[in-house]
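Read through the structure below, which is laid out as structure tokens, and then see the notes.
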Amino acid sequence: MAFDYGDRTGYEPISDVDRKEFHEQGFLLLRNVLTEDHRAALEAAVDRVYEEEKAKGNTTKDGTLHLLGFLERDELFGELLTHPIAFPYMWGLAGWNIYTHHNHLDVTPPALEPEKPYWGWHQDGYRQNSDPETMDPNLPRPMFSLKVAYVLSDLSEKGRGATKVIPGSHLWNSLPRPSDLSVHNPDPEGTVEITANPGDAFIFDRRQWHSRSTNLSNITRKMLFVGYTYRWIRPLDELHPDKDGEWYRNRTPVQRQLLGEGTHTANYWGINWDGYIDDEIPLRKELKQRGLLNRSIPWLR
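Residue numbers (the numbering used here): -14 to 286.
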């Protein structure tokens, strides 16, 4: 299926304003990323996958589904790797030596019971939050990865299970945790619930302190998250695409890079065995041909 994004190619540089806001706030809310027909088609695909997983008993008792590694489940999901509006933020903020290491499909129906006390605040990355940390608490850890979240349902009002973030907290290595988690604790100061319309998307630094929230509405929350990291970092999700199958054959060279394809181990580090940059790495090659490499931006050198 083809969707009309005008002359957008996925290789338009992001603005300095957006780059500055992302680096200062740790996230960006992007309006009208998906056309309505594209959003509706994605929602239909999500509904199909949801019913398949529900039939297998893979949803919780309240019907919630958190499905890792969903990209292979539909042609439309594979195309999201290089979405013409969202993709420029991925290479614009992380560079050309990237791939998707982690992606998940989330369906959150209305809660069946009142909200229970919980503390869901965290940073993504697991050991990425410990292994590279210095002993200086004022020195932020590296970003390493970022995600784009596609909003398929109406999250324009609070209380619909939307993601909560603390703007600017991606520069904090820790967040004070309440001593008693058996009672309701207020959200940290500065918390923002990302309210968004169907078809919007938001991008966030994996270091951003964020939390789920309980869906207290009558709207089912449906989201698609696609994470990108550097090719020298191991994958988090298990992806086993059939490289002889139609789904993989339909992927472009850049999309295959984003699925983890490489020619040899040094290639994942961005170089050939001679130690020089490999200009044949698909995304680098594409950006170079379009004159989009920029030595003033380290990850675009």
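Ideal placement from N, C-alpha and C gives every residue a C-beta, glycine not left out.
The model shown is predicted, which means the values in this text are computed figures rather than measured ones.
#1: Please work out which residues of its chain come closer than 8 Å, Cβ to Cβ, to residue 15, disregarding the five sequence neighbours upstream and downstream, and give them in chain order.
#2: Just the C-alpha distance for residue 139 and residue 260, rounded to the nearest angstrom, thanks.
#3: Can we say the region 246 to 254 touches the region 165 to 185, given the rule of at least three CB pairs closer than 8 Å?
#4: Who does residue 178 pair with in a DSSP beta bridge?
#5: Please name the residue, chosen from 208, 80, -5, that lies closest to residue 281 on a Cα-to-Cα basis.
#6: Taking only the alpha-carbon atoms, compute the straight-line gap between residue 92 and residue 258 and give it to the nearest angstrom.
#7: Return the Cβ separation of residue 212 and residue 43 in integer angstroms, given the expectation that the two are a contact with Cβ distance under 8 Å.
#8: Of the residues 106, 84, 54, 100, which one's Cα is nearest the Cα of residue 168?
#9: Could you tell me if residue 243 is buried or exposed, where buried requires 16 or more neighbouring beta carbons within 10 angstroms of its beta carbon?
#10: So is residue 131 buried or exposed if we call it buried at 16+ other beta carbons inside 10 Å?
#11: By DSSP, does residue 12 sit in helix, in strand, or in coil?
#12: Measure the Cβ-Cβ separation of residue 143 and residue 178 and say whether it is below 8 Å.
#13: Suppose only complete runs of 3+ residues qualify. What are the beta strand (DSSP E) ranges in the region 197 to 247, listed by chain order?
#14: Have a look at the DSSP bridge pairing and note the partners of residue 90.
#15: Under a three-way DSSP split, which group does residue 135 fall into?
#16: Can you tell me which of the three DSSP states residue 19 falls into?
#17: Please return the same chain residues whose Cβ sits closer than 6 Å to the Cβ of residue 163, not counting the five positions on each side in sequence.
#18: For residue 84, list the residues DSSP reports as bridge partners.
#19: Could you pull out every residue in the same chain whose Cβ sits closer than 7 Å to the Cβ of residue 28, ignoring the five residues on either side in sequence?
#20: Can you find the residues in the same chain that come closer than 6 Å, C-beta to C-beta, to residue 196, ignoring five residues on each side of it along the sequence?
#21: Check whether the region -8 to 2 and the region 262 to 280 are in contact - that is, three or more C-beta pairs closer than 8 Å.
#22: By the 10 Å Cβ neighbour count, where 16 or more other Cβ atoms means buried, how is residue 103 classified, buried or exposed?
#23: Could you say which of 266, 135, 215, 205 lies nearest to residue 23 if we only look at CA atoms?
#24: Between the region 51 to 64 and the region 29 to 42, do at least 3 Cβ pairs fall closer than 8 Å?
#25: State the CB to CB distance for the pair residue 215 and residue 129, rounded to an integer number of angstroms; the pair is presumed to be in contact (CB under 8 Å).
#26: Does the distance from the C-beta atom of residue 141 to that of residue 180 stay below 8 Å?
#27: Output the boundary residues of the alpha helix (DSSP H) element that contains residue 79.
#28: Could you give the residue range of the alpha helix (DSSP H) that holds residue 62?
#29: Taking the alpha carbon of residue 236 as the point to measure from, which residue in 66, 266, 41 has its own alpha carbon closest?
#30: Go through its chain and collect everything with a Cβ distance to residue 182's Cβ below 6 Å, but skip five positions before and after it.
#31: For residue 270, which residues in the same chain have their Cβ closer than 7 Å to its Cβ, ignoring the five residues on either side in sequence?
So, to answer that:
#1: Taking C-beta separations shorter than 8 Å and ignoring five residues to either side along the sequence, the partners of residue 15 in its chain run 70, 71, 74, 185, 186, 187, 188, following chain order.
#2: Cα to Cα, residue 139 sits roughly 49 Å from residue 260.
#3: Here the region 246 to 254 makes no contact with the region 165 to 185; the two share fewer than three CB pairs at distances below 8 Å.
#4: Looking at the DSSP output, residue 178 sits in a beta bridge with 149.
#5: For residue 281, the nearest C-alpha among the options comes from 80.
#6: Spanning the two alpha carbons is a distance of roughly 44 Å.
#7: At roughly 21 Å, the Cβ-Cβ gap does not stay under 8 Å, so residue 212 and residue 43 are not in contact.
#8: Of 106, 84, 54, 100, the residue nearest in Cα terms is 100.
#9: Around the C-beta of residue 243, 16 or more other C-beta atoms lie within 10 Å, and the residue is accordingly described as buried.
#10: The residue in question, residue 131, is buried, as its Cβ has 16 or more Cβ neighbours within 10 Å.
#11: DSSP, reduced to helix, strand and coil, places residue 12 within a strand of the structure shown.
#12: Contact: yes.
#13: Counting whole runs of 3 or more residues, the region 197 to 247 contains the beta strand (DSSP E) stretches 206 to 215.
#14: Bridge partners of residue 90: 52, 209.
#15: In this structure, residue 135 counts as strand in the three-state DSSP scheme.
#16: Residue 19 falls in the coil class under three-state DSSP.
#17: Counting only Cβ-Cβ distances below 6 Å, and skipping sequence neighbours, we find 170.
#18: Answer by DSSP bridge pairing, in chain order: 214.
#19: Only residues of its own chain outside the window of five on either side were considered, and among them 137, 207 have a CB closer than 7 Å to the CB of residue 28, listed in chain order.
#20: Within the same chain, residue 196 has close Cβ partners 105, 106, 149.
#21: With the rule of 3 Cβ pairs closer than 8 Å, the region -8 to 2 counts as touching the region 262 to 280.
#22: Using a 10 angstroms sphere on the CB of residue 103, the tally of other CB atoms stays under 16, which defines it as exposed.
#23: Selected option, being the one with the closest Cα: 135.
#24: Verdict: yes, contact present.
#25: Yes, residue 215 and residue 129 are in contact; Cβ-Cβ is about 7 Å, under 8 Å.
#26: Contact check for residue 141 against residue 180 passes: the beta carbons are separated by less than 8 Å.
#27: Here the alpha helix (DSSP H) through residue 79 covers 72 to 79.
#28: Run containing residue 62: 60 to 64, per the alpha helix (DSSP H) assignment.
#29: When each option's Cα is compared against that of residue 236, the closest is 66.
#30: 141, listed in sequence order.
#31: Excluding sequence neighbours, residue 270 sits near 264.
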